[in-house]
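J.: Structure in structure tokens, see below.
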Amino acid sequence: MSTSTEASVTWAQALSWRMARQLLDPVGSESVAGVVGRLGAVLSMDESLAELAVRTRRTASRPGELAAALADGEVVKAFAFRGSMHYLSPEEGGIYLALRSAGRQWERASWVEYYRLTPADWPDFRAAVRAALGEGPLTVAELGEALARDRAYRHLKPIFDEGAYTLIKPLTWQGDMSFGPPRDGQPTFQRLDGNPRWRGIPDLGDAGPRAITAYLRTYGPATLDHLHYWLVEGLSAGRRRLETWFAELGDELVAVDVEGAVAYVVRGDIDALEAALPSEVVRFLPGHDQWVIGPGTKDVHVTPSSRRDLMTRKANPVVVGGVVCGVWARRGDELTVTWLDERGRPDEAIERESRRLADVLGRDLRLSLTSRSP
Numbered sequence: 003m004s005t006s007t008e009a010s011v012t013w014a015q016a017l018s019w020r021m022a023r024q025l026l027d028p029v030g031s032e033s034v035a036g037v038v039g040r041l042g043a044v045l046s047m048d049e050s051l052a053e054l055a056v057r058t059r060r061t062a063s064r065p066g067e068l069a070a071a072l073a074d075g076e077v078v079k080a081f082a083f084r085g086s087m088h089y090l091s092p093e094e095g096g097i098y099l100a101l102r103s104a105g106r107q108w109e110r111a112s113w114v115e116y117y118r119l120t121p122a123d124w125p126d127f128r129a130a131v132r133a134a135l136g137e138g139p140l141t142v143a144e145l146g147e148a149l150a151r152d153r154a155y156r157h158l159k160p161i162f163d164e165g166a167y168t169l170i171k172p173l174t175w176q177g178d179m180s181f182g183p184p185r186d187g188q189p190t191f192q193r194l195d196g197n198p199r200w201r202g203i204p205d206l207g208d209a210g211p212r213a214i215t216a217y218l219r220t221y222g223p224a225t226l227d228h229l230h231y232w233l234v235e236g237l238s239a240g241r242r243r244l245e246t247w248f249a250e251l252g253d254e255l256v257a258v259d260v261e262g263a264v265a266y267v268v269r270g271d272i273d274a275l276e277a278a279l280p281s282e283v284v285r286f287l288p289g290h291d292q293w294v295i296g297p298g299t300k301d302v303h304v305t306p307s308s309r310r311d312l313m314t315r316k317a318n319p320v321v322v323g324g325v326v327c328g329v330w331a332r333r334g335d336e337l338t339v340t341w342l343d344e345r346g347r348p349d350e351a352i353e354r355e356s357r358r359l360a361d362v363l364g365r366d367l368r369l370s371l372t373s374r375s376p
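Mapping to our numbering: the sequence shown position 157 is 159, numbers consecutive.
This is the structure in structure tokens:
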């Protein structure tokens, strides 16, 4: 891994370039699937936040478009980073699932003992799940009932009746199924191979370098710590594997000095990064947005340490030039922006962004501005 830098930029430049890559400055015209593909993953624990994360990156959008994209197979939803549900691209999402399944948790002794499924049982179990989903999406309980018709899996029915999410996670990691459209408020699961856009799970050795490159193209310039956070802590790639893949990329990556830190970008992006001018644009983002979660809340260049707790608790960030400078909250038609930074509050820019948020939400919002000591 080379630490000899080929360029030097400021963090303000780096964040400005990253905002362009993440369709925040300028806001993009990509489709819903294009936004999800660009971000790599969109957390879907809270559907309203997931939809806002996509819509705030589009110049024109409409309510319900993320759910419609899922129903049409333009995006897929699976358990991915940190065991949470994420929207993924059907064309590229398999690279993250390959890394997620690399740890082969289902082979652990505790899993074998609890679920009474040995590693040798898993190929037939996976095939049984796919067969059960052959007629269309099923709820967790319905899937358990279908599997229980086979004596080999009858003992699993009580587990499915209770939710079975720990057991079914590896089935999404391995590409056997993904979330389908909800039915009567209940999540459903469907076969992934029925989606013509699905490109499958690539070989781990192929997926690793692709995941590194994809991350750097959206969240770069990034340090090795960022890569470890996103692909080792967030998935199951393993530190040694990551470092091997990083080394294999060789000259495809460029080391950059960012105010004394060595960070990396894809070689094809270096010219645009060096040409980037600092941004002062204000953006209202939803809680747990990829802008914050992608580099991690410990990254003080995006999330100053005094605001980290707010971000981990899912507060909605007010971002200025890429830096979390405040939070916003909406109650009905009342929009409150709380400024937390030592720099002067950009009231006009905040008012413009509040009008943009009002357009996205289709509501007349009354803005209230407050400040709190950082």
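From the three backbone atoms N, C-alpha and C, an ideal C-beta is built for every residue, glycine too.
Remember, it's a predicted structure, so these values are computed and weren't measured experimentally.
Quick check: the Cα distance between Gly30 and Trp19, rounded to an integer number of angstroms?
T.: Your numbering for residue 30 matches position 28 in the sequence shown. Your numbering for residue 19 matches position 17 in the sequence shown. Their backbone Cα atoms lie some 14 Å apart in a straight line.
J.: Can you have a look at Asp366 and say buried or exposed, based on whether 16 or more other CB atoms are within 10 angstroms of its CB?
T.: Numbered from 1 along the sequence shown, position 364 holds the residue referred to as residue 366. Looking at its Cβ environment, which holds fewer than 16 other Cβ atoms inside 10 Å, Asp366 is exposed.
J.: Assign Thr61 to buried or exposed, taking buried as 16 or more other Cβ atoms, counted over all protein chains shown, within 10 Å of its Cβ.
T.: Indexing the sequence shown from 1 puts residue 61 at position 59. So Thr61 counts as exposed.
J.: Do the CB positions of Gly236 and Arg110 come within less than 8 Å of each other?
T.: Position 234 of the sequence shown, counted from the start, is the residue given in the question as residue 236. Position 108 of the sequence shown, counted from the start, is the residue given in the question as residue 110. Not in contact: Gly236 and Arg110 (Cβ atoms no closer than 8 Å).
J.: Throw me the rounded Cβ distance for the Arg243 and Val256 pair, which I believe falls under 8 Å.
T.: Here residue 243 refers to the residue found at position 241 when the sequence shown is read from its first residue. Here residue 256 refers to the residue found at position 254 when the sequence shown is read from its first residue. Contact doesn't hold; Cβ gap of about 22 Å is too wide.
J.: Quick one: what's got a C-beta closer than 7 Å to Arg368's C-beta in the same chain, skipping five residues either side?
T.: Here residue 368 is taken as the residue at index 366 of the sequence shown, counted from 1. Closer than 7 Å at Cβ, skipping near neighbours: Asp335, Glu336, Leu337.
J.: Please classify Val302: does DSSP put it in a helix, a strand, or coil?
T.: Counting from one through the sequence shown, the residue named residue 302 turns up at place 300. It is coil, neither helix nor strand.
J.: Counting C-beta neighbours from all protein chains within 10 Å, is the total for Arg309 16 or more, i.e. buried, or is it exposed?
T.: Within the sequence shown, residue 309 is the residue found at index 307, counting from 1. Its Cβ being crowded by 16 or more others within 10 Å, Arg309 is buried.
J.: If I follow the unbroken beta strand (DSSP E) through Val264, where does it start and stop?
T.: As a working mapping, residue 264 is identified with position 262 in the sequence shown. Segment 263–268, the beta strand (DSSP E) holding Val264.
J.: Determine the direct distance from the alpha carbon of Arg153 to that of Asp291, and round the result to whole angstroms.
T.: The sequence position of residue 291 within the sequence shown is 289, counting from 1. The sequence position of residue 153 within the sequence shown is 151, counting from 1. Going from the Cα of Asp291 to the Cα of Arg153 covers about 44 Å.
J.: By the 10 Å Cβ neighbour count, where 16 or more other Cβ atoms means buried, how is Gly207 classified, buried or exposed?
T.: Position 205 of the sequence shown, counted from the start, is the residue given in the question as residue 207. With fewer than 16 Cβ atoms within 10 Å of its Cβ, Gly207 is classed as exposed.
J.: Buried or exposed: where does Met47 fall if 16 or more other Cβ atoms within 10 Å of its Cβ makes it buried?
T.: On the sequence shown, residue 47 is found 45 positions in, with the first residue counted as 1. Exposed, since its Cβ has fewer than 16 Cβ neighbours within 10 Å.
J.: Below 8 Å, can you find three or more Cβ-Cβ pairs linking the segment 142–151 to the segment 27–45?
T.: no
J.: Would you kindly check if the distance between the Cβ of Arg59 and the Cβ of Leu26 is under 8 Å?
T.: Taking the sequence shown and counting its residues from 1, the one referred to as residue 26 is at position 24. Taking the sequence shown and counting its residues from 1, the one referred to as residue 59 is at position 57. Yes; because the gap between Cβ atoms is below 8 Å, this pair is in contact.
J.: From which residue to which residue does the alpha helix (DSSP H) around Met21 run?
T.: Working through the sequence shown from its first residue, we reach residue 21 at position 19. Residues 13–23.
J.: Three or more C-beta pairs under 8 Å: does that hold for the segment 117–127 against the segment 75–84?
T.: no
J.: Considering only C-alpha positions, which residue in the set Phe248, Ile161, Val264, Asp259 is nearest to Tyr117?
T.: Looking up residue 117 in the sequence shown gives position 115. If you compare the alpha carbons of Phe248, Ile161, Val264, Asp259 with that of Tyr117, the shortest gap goes to Ile161.
J.: With Lys159 as the anchor, note down where its alpha helix (DSSP H) starts and where it stops.
T.: For the purposes of this step, residue 159 is taken as residue 157 along the sequence shown, with counting starting at 1. Residues 159–163.
J.: Please go through the same chain and pick out, in chain order, the residues whose beta-carbon is closer than 8 Å to the beta-carbon of His230, but skip the five residues on each side of it.
T.: The count along the sequence shown starts at 1 and reaches residue 230 at position 228. The residues are Arg241, Leu244.
J.: Name the two residues that bound the continuous beta strand (DSSP E) containing Glu336.
T.: Here residue 336 refers to the residue found at position 334 when the sequence shown is read from its first residue. It spans 336–341 - the beta strand (DSSP E) in which Glu336 sits, taken as one unbroken run.
J.: For His88, name the three-state secondary structure that DSSP assigns.
T.: Indexing the sequence shown from 1 puts residue 88 at position 86. If DSSP states are grouped into helix, strand and coil, His88 belongs with the strands.
J.: Taking the alpha-carbon positions, what's the Tyr316 to Pro297 distance?
T.: Residue mapping note: residue 316 aligns to position 314 of the sequence shown, counting from 1. Residue mapping note: residue 297 aligns to position 295 of the sequence shown, counting from 1. With the sequence shown as reference, residue 316 is identified as Lys, and Tyr is not the correct amino acid for it. About 15 Å.
J.: Report yes if the C-beta distance between Leu194 and Gly222 is below 8 Å; otherwise report no.
T.: In the sequence shown, residue 194 corresponds to position 192, counting from 1. In the sequence shown, residue 222 corresponds to position 220, counting from 1. The answer is no: Cβ separation not under 8 Å.
J.: Rounding to the nearest angstrom, what Cα-Cα distance links Tyr155 and Leu140 in this structure?
T.: Counted from its first residue, the sequence shown places residue 155 at position 153. Counted from its first residue, the sequence shown places residue 140 at position 138. If you take the alpha carbons of Tyr155 and Leu140, they lie about 17 Å apart.
J.: Would Tyr266 pass as a contact of Leu218 if the rule is Cβ separation under 8 Å?
T.: Taking the sequence shown and counting its residues from 1, one reaches residue 266 at position 264. Taking the sequence shown and counting its residues from 1, one reaches residue 218 at position 216. Contact flag set, yes.
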